[in-house]
Structure formats: structure tokens, C-alpha cells
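A.B. asks: Under the UniProt record's numbering, think of the first position of the sequence shown as 1, with each following residue one higher.
Cβ atoms here follow ideal geometry from the backbone N, Cα and C, with glycine treated the same way.
In this text, all values refer to a predicted model and were calculated from it rather than measured experimentally.
Sharing a structure with you now.
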Amino acid sequence: KGIGAKGLAFVRWVDEKPSCSFAKFFSEEELSAILARLGCEKGDVSLIVADKDSVTLPVLGALRTTCAKRLDIIPEGWAFVWIVEFPFFEKDEETGAWVAMHHPFTMPLDECLPYLDTDPGRVKAKCYDLVLNGVELASGSMRITDSELQEHMFRSLGLTDEEIEAKFGFLVDAYHYGAPPHGGMGLGLDRLSMLLCGADSLRDVTAFPKVQSAAELMSGCPAPIDQAQLDELGISLNGEEKD
Numbered sequence: 001k002g003i004g005a006k007g008l009a010f011v012r013w014v015d016e017k018p019s020c021s022f023a024k025f026f027s028e029e030e031l032s033a034i035l036a037r038l039g040c041e042k043g044d045v046s047l048i049v050a051d052k053d054s055v056t057l058p059v060l061g062a063l064r065t066t067c068a069k070r071l072d073i074i075p076e077g078w079a080f081v082w083i084v085e086f087p088f089f090e091k092d093e094e095t096g097a098w099v100a101m102h103h104p105f106t107m108p109l110d111e112c113l114p115y116l117d118t119d120p121g122r123v124k125a126k127c128y129d130l131v132l133n134g135v136e137l138a139s140g141s142m143r144i145t146d147s148e149l150q151e152h153m154f155r156s157l158g159l160t161d162e163e164i165e166a167k168f169g170f171l172v173d174a175y176h177y178g179a180p181p182h183g184g185m186g187l188g189l190d191r192l193s194m195l196l197c198g199a200d201s202l203r204d205v206t207a208f209p210k211v212q213s214a215a216e217l218m219s220g221c222p223a224p225i226d227q228a229q230l231d232e233l234g235i236s237l238n239g240e241e242k243d
């Protein structure tokens, strides 16, 4: 539950017949079908989380990693993998509207362009993550460089022409003059250092790590701001001062 699941169901086959935590909710036929689908055999334990994909996938991933560590079955070595073709859109859980999973400036896959207006959930993005031993080391994407496609993407996210002009008019106008294909990625050197050192936390490899309260203990940050600094930057603060 600490990582988002509402609960954990299990099927355990130790003796002559399996036992499960949810048997009272199903008939014998339904239980047999579930066991067959799971491929359970004597000596097996199956752990089940029931929810939407956005909950079950990360929860079961964390559970899988925890079990592998406790059983000491993670092989030594360096295992790199590229994660590509992320979904471009996802539905907002509160409003039900389509929103960009990363941001609206990522180039969609060419073969997915016909689905922008008809089936946004099928649109994949030219995004990529580099993962090493289960830790994300880098993330990036190719960017949209066509003004019409960029406007189309904004409209797919529910923006009106007036909103597009007010918020992103400068970008759309710039693309009218042409832009070279471009993309990039951000590399997490601190995460790579953590893996190379065998550390469990980024704080172990960061020069001036912050604690949970976002304070940096060596320099005492965050520190009070001098009024002269605020005046120079044109910033005014409202509210009560805290110790």
C-alpha cells in the first residue's frame, strides 16, 4: 500500500491444493480458470494486484524487484536497455481529458499521425529513455519542427486558436521560417555514479545533498533573503515569516 496499491492478493500452492486470499469471492470453476491462467503448479506463489494500469504496472514492478533482491536472484553485471515509443497522450484521472504524457513538443511517430483526431490513445511519441539495471540514466525525445503539426498537437490537447496564439504563438511563428530536425537527452551522471559506487541513494554520491525537508545542512540553505536582494530582483514577499 505504501507504493500505491489498495491491497495484495496471493495464490500459494504448498500442500495438495492451492490456497488463495480471495477464494470466497469466486466459484470453484472461476478459481480453476484463474489458476490455469496463472499457470500455477505445486510450490508456486502468485502475487496479484488489481487496479488500472497506471497503478498495477509500477506496483508490480516494485514488487518484482523487491522479491528478486530478497531471493538474491538478480544477476551481477550491467544490463542496458532503451525504452522507446512511449504513449503520447494519457487521460487526466480527474477530468478525463487527454493530456500530454511528457510535453506537447515531442514528435509523434509518423505512422501514428492519422490517430491524432480519431484515437489519441494509439499515438506513440519519439521518446526514449536509457535504463541501466532498472535505473533511468537518461531521457529525451525528438521535437516537433513543423508549425502545422505543432498547432494540431495543441488543438488535440483542447487548446483554442486564441490560447495557442497567446501561449505559444512565438514558437509556431518561428517554425514558419523552418527549423532543422532536432532532439536530445538529459544524462543523469549522479545516477550513474550511484550505480558505479554500489550506493542505494543519490545522497551518497552528491556533494551537497539535501535532506527530506529540502535543507542543505553544510551551508544551512535555504537561508533568509536580504531585502536588498529582493529589491534588486523586483520581488516582493507576502505572508508571515517563518523561523
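1. Can you tell me where the alpha helix (DSSP H) holding residue 149 begins and where it ends?
2. What are the uninterrupted segments assigned as beta strand (DSSP E) that are 3 or more residues long and contained completely in the stretch 83 to 141, given in chain order?
3. Kindly indicate the opening and closing residues of the alpha helix (DSSP H) around residue 60.
4. Given this structure, state the Cα-to-Cα distance separating residue 153 from residue 233, to the nearest angstrom.
5. Identify which residue in 29, 17, 52, 62 has its Cα closest to the Cα of residue 43.
6. With a CB to CB cut of under 7 Å and the five nearest residues on each side skipped, what residues in its chain are close to residue 6?
7. Tell me the DSSP secondary structure of residue 9 in three-state form.
8. Which of helix, strand or coil does DSSP assign to residue 218?
9. Between 23, 13, 4, 75, which has its C-alpha nearest residue 53's C-alpha?
10. Give the straight-line distance between the Cα atoms of residue 156 and residue 80, rounded to the nearest whole angstrom.
11. Does the stretch 55 to 74 come into contact with the stretch 100 to 119, if we say contact requires no fewer than three beta-carbon pairs (one atom in each stretch) closer than 8 Å?
12. Can you tell which of 184, 60, 145, 223 has the C-alpha that lies nearest to the C-alpha of residue 173?
C.D. replies: Let's see:
1. Stepping through the sequence shown from its first residue, residue 149 is reached at position 149. Run containing residue 149: 147 to 156, per the alpha helix (DSSP H) assignment.
2. 89 to 91, 98 to 100, 127 to 132
3. Working through the sequence shown from its first residue, we reach residue 60 at position 60. 53 to 70 is the span of the alpha helix (DSSP H), which, as asked, contains residue 60.
4. Within the sequence shown, residue 153 is the residue found at index 153, counting from 1. Within the sequence shown, residue 233 is the residue found at index 233, counting from 1. Spanning the two alpha carbons is a distance of roughly 36 Å.
5. Sequence index remark: in the sequence shown, residue 43 carries index 43 (1-based). For residue 43, the nearest C-alpha among the options comes from 17.
6. In the sequence shown, residue 6 corresponds to position 6, counting from 1. Around residue 6: 51.
7. In the sequence shown, counting from the first residue as 1, residue 9 sits at position 9. The answer is strand: DSSP assigns residue 9 an E or B state.
8. For this step, residue 218 is matched to residue 218 along the sequence shown. It is coil, neither helix nor strand.
9. As a position in the sequence shown, residue 53 is number 53, starting the count at 1. The shortest C-alpha separation from residue 53 is found at 4.
10. Position 156 of the sequence shown, counted from the start, is the residue given in the question as residue 156. Position 80 of the sequence shown, counted from the start, is the residue given in the question as residue 80. If you take the alpha carbons of residue 156 and residue 80, they lie about 35 Å apart.
11. no
12. Taking the first residue of the sequence shown as 1, we reach residue 173 at position 173. Selected option, being the one with the closest Cα: 145.
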